[in-house]
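Structure first, commentary second.
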Amino acid sequence: MKQVKQFILWAVAAFVAVVLAQSTLPVSSAGLDPLTPPHTESPQETLGQFLENTNEAYRLLMAAHEESKQESGLFHSPPVKALAAQAEEAMERAVRTLNLESVPETSKQRVGLESALKLKEILDRIPLPSLDRVPDVNEVTEDPSLVRWEIPKTEIAIVKSQGGQYADEFLFSPDTIQRLKEFYLEVRDLPYQPGASEGFYDFYISTPGNLLPPKWSHWLPHWTTRVYWEQTLWQWFGLAIALALAVFVIAAIYRWRHSSHLDPRSLASAWAGLWLPASIIIIFYCTEIFAIYTLNLTGEVDRIFAIAVEVLLFIVGGWFAFILANAIGRTTISSAYFRQKPLEAAMVRSGFRAIGIVAAATIIYFGGEFLGVPVAPLFASLGVGSLAIGLGAKSYVENIVSGINLFLDRPVQIGDFCEFGGIAGTVENIGLRAVRIRTPDRKIVTVPNSNFSNSEVVNYSQRDRRLLNFRVGLPSTTKHYQVKDVLDKMRSLLAANSGVEEQKVHLVNLGEKSLEIEVFAYILSQRTSEFLDIQEELLLAMMEIVETIDSEGDRSSSVLDGAKDGKKSSPPSTEFLKNWDEKH
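Under the numbering used here, residues 81 to 664 are what the sequence shown spells out, in order.
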């Protein structure tokens, strides 16, 4: 079974290779010089050049086609290719008599060729005046007001262009080009005039390739050449198979991408996200080339299909640009430089996301321009809608600007414990739009950057030292020498600790029930847990100092733990202070 599948795959690949190899893309030849423009200085020259070149193209193409049918092999011979190339050059010169300014750049070549063939089909079925009755260069020069000439009894007009790419040339007018389908439907049942290139348009739309069809088209069953909606059955089948194959491959890539079990936060996942949009772009671009140059779609089907694919490609191209910018940003902040700078990492990541959004919007914008959609006037014409969108985006822009200010001013960094507006917690993320804070009870609070920047923020993590300030109560019966002894021992305790500075211990109040000693010092620690440990050990040591008060045989009590038993205890020794300091 596996061998059968491999055989089928190889057979399909070989068929596709042959089909693509025989697609007759435009090539050059040593015949007519395509760089020499046709003479279009008057309606007479324009009409004459169009008829002459289309007739020459038809003669060369039919000769090449008949010669190819007589030859064996899978590919056209060099003489046949040379004839086909000369036919294409003649058609290019005929197309240059058409004013295609209103045709989107993306489809100008295809629309020009099809329009020229359709116009030739129309002119072959109606009586034309002799060329000597058509205004020539002398008449145009003598009468400057002669800027338009219509073929008698028709609305097919040759008009002098007033500016732009075709300035001062007499060309078939844009209105004529747009109405060719209407004109063709009106005359297609009329008989051909003598000397017509009979069946030229039908030959083009019913065969694959550009002008000369590839040799494999000779093998198509006759019933597949029936035309429905300007396409043959084999063209419809080919388009359906191509689209089904494209969707199948993209679906397979999508399933593979989502079955890889990559960590969404990993760099591999960021770059793997490019696979799907890149695959869509490549596959549908190849599908479009296949449909245009091999299947040779024509008419409205060709235009609708081409526009749909181009729109898809530009939208997916914007998606690809956004994912690429995001992947580059994540790769950048993964370097060692940003590991110790979380705030910079957050801003760089947000900055690359903004770049991705701008890049995506730019691609879509120019895509619209490329497809002939006037995007700029469209946005300008939104009027009140644009104003509403602008007002709606005001808060978003404010948040972005505030995020940049947070990055420049650095009032907080990721990991800092801060308080603002009655909310206290640890900063977990500073994004392009908002700051995310986790409160001590593990809740997540998301604050817009504009609100955070305009609030009074207290950053506890940025303190260079922590204040230690409390009061110790002694019984009101404590003697003055005992109080002095307690003060000296507390001062010695604080002075002996290298992690404490600016220590101050004073008797501050003589109350009826207690004597109050205030302790004021700074602990050289930024971490709350370390500060609490040092504070706890200092308090315990001071309790021990208070408990050593000798009140004539009775142990005095402090407000820290009340009166205890009457057992005496000696004041803390130098050895005690030394050991305490070594622990801290």
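C-beta atoms are modelled at their ideal positions from N, C-alpha and C, and glycine is treated no differently. Keep in mind the model is a prediction, meaning the values are calculated, not measured.
With distances taken from CA atoms, which of the options is nearest residue i?
i, options, result
"LEU197", "ASN290, LEU163, SER572, PRO158", "ASN290"
"ILE510", "ALA504, VAL527, PRO123", "VAL527"
"ARG429", "SER415, ALA441, ALA440", "SER415"
"ALA165", "LEU180, THR177, ALA143", "ALA143"
"ILE369", "LEU488, LEU354, LEU393", "LEU393"
"LEU208", "GLY244, SER253, GLN273, LEU265", "GLN273"
"ARG259", "ALA332, SER241, GLU194, LYS569", "GLU194"
"HIS560", "LEU595, VAL580, SER253", "LEU595"
"LEU404", "VAL438, ALA386, ALA388", "VAL438"
"THR411", "TYR540, ALA350, GLN242", "ALA350"
"LEU199", "GLU235, ALA388, LYS593, ALA358", "GLU235"
"VAL580", "THR558, SER605, VAL563, GLU592", "SER605"
"ALA237", "LEU323, THR256, LEU226, SER225", "THR256"
"GLN129", "TYR365, GLU249, GLN242, SER225", "GLU249"
"GLY318", "LYS564, ALA167, THR367, PRO224", "THR367"
"ARG433", "GLY409, LEU612, VAL453", "GLY409"
What does residue i pair with, by DSSP beta-bridge criteria?
i, result
"PRO555", "SER594"
"LYS584", "PHE600"
"GLY67", "Outside the shown range of the chain (81 to 664) lies residue 67, about which nothing can therefore be said."
"LYS200", "Paired residue(s): none; LYS200 is not in a bridge."
"LYS240", "PHE250"
"TRP229", "ILE238"
"ARG518", "THR506, ILE524"
"ARG205", "DSSP lists no partner for ARG205."
"ASN589", "GLU596"
"ARG546", "ILE603"
Going by the CB atoms, is the gap between residue j and residue i shorter than 8 Å?
i, j, result
"ASN135", "SER277", "yes"
"VAL220", "ARG228", "no"
"VAL175", "VAL183", "no"
"GLU201", "TYR308", "no"
"THR116", "THR177", "no"
"ILE597", "LEU587", "yes"
"LEU554", "ALA601", "no"
"VAL160", "GLU172", "no"
"ILE361", "VAL396", "yes"
"ARG518", "GLY501", "no"
"PHE252", "ASN179", "yes"
"SER359", "ILE333", "yes"
"SER541", "ASP496", "yes"
"CYS498", "ASN539", "yes"
Could you name the residues of the same chain whose beta carbon sits closer than 8 Å to that of residue i, not counting the 5 residues immediately before and after it, in chain order?
i, result
"GLY642", "Residue placement at GLY642 is poorly supported in this model, since its pLDDT is 33, which falls under 50; the coordinates are not used for a value here."
"GLY379", "GLU194, LYS261, ILE285, TRP309, GLU310, GLN311"
"LEU300", "TRP314"
"SER475", "PRO528, SER530"
Whose C-beta lies closer than 7 Å to the C-beta of residue i among residues of the same chain, with five residues either side of it excluded?
i, result
"PRO288", "PRO294, SER297, THR374, LEU375, ASN376"
"ALA170", "LEU112, ASN133, GLU136, ALA137, LEU140"
"GLU185", "PHE450"
"GLN124", "LEU211, VAL214, PRO215, ASP216"
"ALA575", "GLN583"
"GLU230", "ILE236, ALA237"
"SER556", "GLY591, GLU592, LYS593, SER594, LEU595"
"ILE387", "LEU451"
For residue i, which residues in the same chain have their Cβ closer than 6 Å to its Cβ, ignoring the five residues on either side in sequence?
i, result
"TYR284", "LEU197"
"PHE532", "VAL515"
"VAL217", "GLU121, SER122"
"VAL585", "LEU567, MET570, ARG571, VAL599"
"GLY447", "PHE394"
Would you kindly work out how many angstroms separate the C-alpha atoms of residue i and residue j, rounded to a whole number?
i, j, result
"LEU665", "ALA352", "Missing from the structure shown is residue 665; the chain here goes from 81 to 664 and no further."
"ALA441", "GLY398", "7 Å"
"LYS149", "TRP316", "25 Å"
"TYR246", "PRO118", "12 Å"
"LEU567", "GLU582", "15 Å"
"VAL327", "VAL214", "54 Å"
"SER578", "ARG545", "13 Å"
"PRO491", "ILE614", "28 Å"
"SER666", "LYS188", "With the chain represented from 81 up to 664, any question about residue 666 goes unanswered, as that position is not in the structure."
"ALA331", "LEU354", "15 Å"
"MET623", "GLU617", "10 Å"
"ILE372", "ARG205", "28 Å"
"ILE469", "VAL481", "Residue confidence is low: ILE469 scores 48 on pLDDT, short of 50, so the model does not pin down where it sits. Its coordinate-derived value is still stated next. If I take the Cα positions, the gap works out to 18 Å."
"PHE155", "ILE363", "26 Å"
"PHE400", "ARG345", "18 Å"
"VAL267", "LEU203", "9 Å"
"ALA167", "GLY275", "18 Å"
"TYR445", "TRP336", "32 Å"
"GLN242", "VAL453", "23 Å"
How about residue i: is its C-beta nearer than 8 Å to some C-beta of chain C?
i, result
"VAL329", "The chain labelled as chain C is not found in the depicted structure, where only one protein chain is given."
When every heavy atom of the ligand MN is checked, does at least one fall within less than 7 Å of the C-beta of residue i?
i, result
"THR134", "This structure does not include the ligand MN; it has no bound ligands of any sort."
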